[in-house]
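The numbering of the sequence shown is this note's numbering, which starts it at 20 and goes up by one.
All C-beta atoms in this analysis are idealised placements derived from N, C-alpha and C, irrespective of residue type, glycine included.
All values reported here derive from a predicted model rather than from experimental measurement.
Below you'll find the structure, written out as structure tokens, and then a few comments.
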Amino acid sequence: MSTHDAAFLEEVEDFLVSFDLPIFPTLQTGVQLLSDAENSDEASPTDRVKKEAAQPVNSAKSSKGKKKTRQVLDPVAKHELEKAKDRKRRSVYRERRRVEKEALQQQVGELTTELAEVQKAKENERSLATSAWEMMAKRQLQARVNAEEKQRRLIRVIESRTALIQEFQGVMQHGLGNVHDDVAYQHKKIRLEPSDAEFYKVYAMELDTFYAQTDEFLRNYGLDSTDASWDQSRRQWKEDGETGYYIYTDKYVMPFAFRQICRFLWCVAQMQHRQEDREHFDGVEDPENTSAFKFRVTTCLNSGRSVSVLERAVVRRYVRDDRSVVVWRSFTEGEGMFTGMHADERTMDIFKWMEWVVVRNLALSEVDDPMTRSLVAAKPISPKALVRYMRHVAAKVGARIAVDMSDEFGIMFDGWTSGTLHIVAVYGHFSKDRILQQVMHALSSAEYGQGTDAHIELIDAILDVYQNDFSMIVSIVAETVRRIKP
20 MSTHDAAFLE
30 EVEDFLVSFD
40 LPIFPTLQTG
50 VQLLSDAENS
60 DEASPTDRVK
70 KEAAQPVNSA
80 KSSKGKKKTR
90 QVLDPVAKHE
100 LEKAKDRKRR
110 SVYRERRRVE
120 KEALQQQVGE
130 LTTELAEVQK
140 AKENERSLAT
150 SAWEMMAKRQ
160 LQARVNAEEK
170 QRRLIRVIES
180 RTALIQEFQG
190 VMQHGLGNVH
200 DDVAYQHKKI
210 RLEPSDAEFY
220 KVYAMELDTF
230 YAQTDEFLRN
240 YGLDSTDASW
250 DQSRRQWKED
260 GETGYYIYTD
270 KYVMPFAFRQ
280 ICRFLWCVAQ
290 MQHRQEDREH
300 FDGVEDPENT
310 SAFKFRVTTC
320 LNSGRSVSVL
330 ERAVVRRYVR
340 DDRSVVVWRS
350 FTEGEGMFTG
360 MHADERTMDI
370 FKWMEWVVVR
380 NLALSEVDDP
390 MTRSLVAAKP
400 ISPKALVRYM
410 RHVAAKVGAR
420 IAVDMSDEFG
430 IMFDGWTSGT
440 LHIVAVYGHF
450 SKDRILQQVM
460 HALSSAEYGQ
470 GTDAHIELID
480 AILDVYQNDF
490 SMIVSIVAET
500 VRRIKP
């Protein structure tokens, strides 16, 4: 113990002595009390110690008397007093340590809870950031896949255009080697292939034939009169062998000047809104009143594949003093996956009627409705003829699907009940040119029941239409709903 500690303890001792402290018994007294406690049950040693300690020292004594009392204490009592002081100090120290320990434990609990909350918040932020990055990465990956697919399409287009240019160069070199006059060097806006020129010439001659029948047609259908008493559109059924066709007639009165209407109809007939790869043919007779051109129409299918068709048209205007007649012919040719398919104007009208009825889920009798005919730009058609064309198209589409499907494909089907009719839809999914194709194979009623065997027979019958069997199926996906009655 250092000198400083000894001095401090001495000051503490003087401070404690200055108060009226109880007189603690000596060691011998304590031993005697313990021996008495063993022989008697009247009071415990602790009570006796408290009783003896409860007798305070007379406070009226002077400090001199106190000093004498201190001097009276024998070394053993003094030692016991010091030990008591030490025990008290240790007790206070232990109490302080206990309080500090409890405070630290409480602080540890609070900090642990706070740390857990902070870690959870960081994990949430990290998960949000990870999901955001993952979504961004998926978008970039999809954008890259789309860009690669677009690049492949462009490469195919470039290759086809390169082959076309090389072929054109060969034709030009061969033609220039055989022609020696100056006619071949005359400038023209666009030089088309001979097949296009022949096509336009043939169609132009047909237009003259159609125009020659104008007066007869107007007289036969009561359209030669110019009065404004026309009430509504009319249709007439014409027999054509085993089938027939409708002739639709209508007449409008325009509240504009005659010359203005003629110029407007001539502009509309040339389809100036079709500008994709548009080319004009300049080798027609009477270019002021005749226009020959072709253009391309490109669209994107649901599968993401781009397809296009090439349409050629010849329009001629016949102007007289009191009337103006516009006659045209058009021819549509498929490209790409539609190569080899052709459609004239009548075919396009039939397709529009089929699309109208199927997409809008209309009854076949809708094509006979006078209001529908007046609102639709396509030429009229009978329900019987429309059904015949639908069956023909279904057979062609089924044959095309059978060609596109590989030896392995999957089947998805689902059914639902409408009233007393149970309907099943069957889809086939397969890969073509590394692109997933999903095509509806059939939408049919379950005529043989709703059990497993009935569905298997239905799928087997559908596969026969496409010349397939169950051995080619690699997966079957179906939705099963079990109704539980309460």
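Coil, strand or helix - Gln486 by DSSP: coil
Sequence ranges, beta strand (DSSP E) only - wholly within the region 404 to 453, length at least 3: Within the region 404 to 453, the complete beta strand (DSSP E) segments at least 3 residues long are 428 to 437 and 440 to 451, listed from N- to C-terminus.
Proximal residues to Val68 (C-beta, below 6 Å), its chain only, five neighbours per side dropped: Confidence in Val68 is poor, its pLDDT being 42 and thus under 50, which makes the residue's placement unreliable; the coordinate value appears in the next sentence. No residues qualify anywhere along the chain.
For Gly353, three-class secondary structure by DSSP: strand
Check whether Glu352 and Leu329 have beta carbons under 8 Å apart: yes
8 Å contact criterion, which Arg293 and Phe314 should meet: CB distance rounded: 4 Å
C-beta contact flag for Gln456 and Ser463 at 8 Å: no
Gly417 beta carbon less than 8 Å from that of Tyr485: yes
Alpha carbon of Val345 to alpha carbon of Ser425, nearest angstrom: 49 Å
Residue from Gln124, Ser244 and Thr317 with nearest C-alpha to Val272: Of all alpha-carbon atoms in Gln124, Ser244 and Thr317, the one lying nearest the alpha-carbon of Val272 is that of Ser244.
Rounded separation between Gln170 and Val164 - CA only: 10 Å
Helix, strand or coil at Val221 [DSSP, three-state]: Reduced to three states, the DSSP call for Val221 is helix.
Closest Cα partner of Gly434 within the set Val333, Glu295, Glu466 and Gly241: Glu466
For Ser463, the three-state DSSP class (helix, strand or coil): strand
Whether Tyr222 touches Val338 by CB criterion (8 Å): Cβ distance not < 8 Å, so Tyr222 and Val338 don't count as in contact.
Nearest neighbour of Thr317, chosen from Arg297, Val137 and Ala26 [CA to CA]: Arg297
Check whether Ser325 and Arg180 have beta carbons under 8 Å apart: no
Host alpha helix (DSSP H) of Ser310 (start-end): It is not in any alpha helix (DSSP H) - Ser310 instead sits in the beta strand (DSSP E) that spans Thr309 to Cys319.
Cβ neighbour criterion (16 or more within 10 Å) applied to Ala311: buried
Outcome for Pro399 when other beta-carbon atoms lying within 10 angstroms are tallied against a minimum of 16: buried
Given His299 as reference, the closest of Asp215, Glu121 and Gln161 once Cα atoms are compared: For His299, the closest of Asp215, Glu121 and Gln161 by C-alpha to C-alpha distance is Asp215.
Whole-Å CB distance - Phe350 paired with Arg331, under 8 Å assumed: 5 Å
Ala382 versus Arg419: straight-line alpha-carbon distance, rounded: 27 Å
Rounded C-alpha distance that separates Glu144 from Val137: Answer to the nearest angstrom: the Cα atoms are 10 Å apart.
Delimiting residues of the alpha helix (DSSP H) encompassing Ser494: Per DSSP, Ser494 belongs to no alpha helix (DSSP H); it is in the beta strand (DSSP E), Ile492 to Ala497.
Distance CB(Lys392)-CB(Tyr267) smaller than 8 Å: For the sequence presented, residue 392 should be read as Arg rather than Lys. Yes; because the gap between Cβ atoms is below 8 Å, this pair is in contact.
Nearest candidate by alpha-carbon position, reference Arg453, set Ile174, Arg108 and Asp423: Asp423
Ile475 in three-state terms, based on DSSP: helix
Within 8 Å, strictly: CB atoms of His460 and Val443: Cβ distance not < 8 Å, so His460 and Val443 don't count as in contact.
Alpha carbon of Val1 to alpha carbon of Gly447, nearest angstrom: Here the chain comprises residues numbered 20 to 505, so residue 1 is not present and cannot be evaluated.
Close Cβ partners of Val303 (< 7 Å) along its chain, the five nearest in sequence each way excluded: Tyr219, Ala223, Thr309 and Ala311
When Asp269, Ser343, Glu295 and Glu307 are compared against Cys281, the one with the closest alpha-carbon: It is Ser343 whose Cα lies nearest to the Cα of Cys281.
Backbone secondary structure at Thr268 - three-state DSSP: strand
Rounded C-alpha distance that separates Asp105 from Ala122: 25 Å
Distance, Gly323 Cα to Gln159 Cα: 18 Å
Whole-number beta carbon distance between Val376 and Leu394, since they are thought to touch under 8 Å: Going by Cβ atoms, the distance from Leu394 to Val376 rounds to 14 Å, so no, they are not a contact pair.
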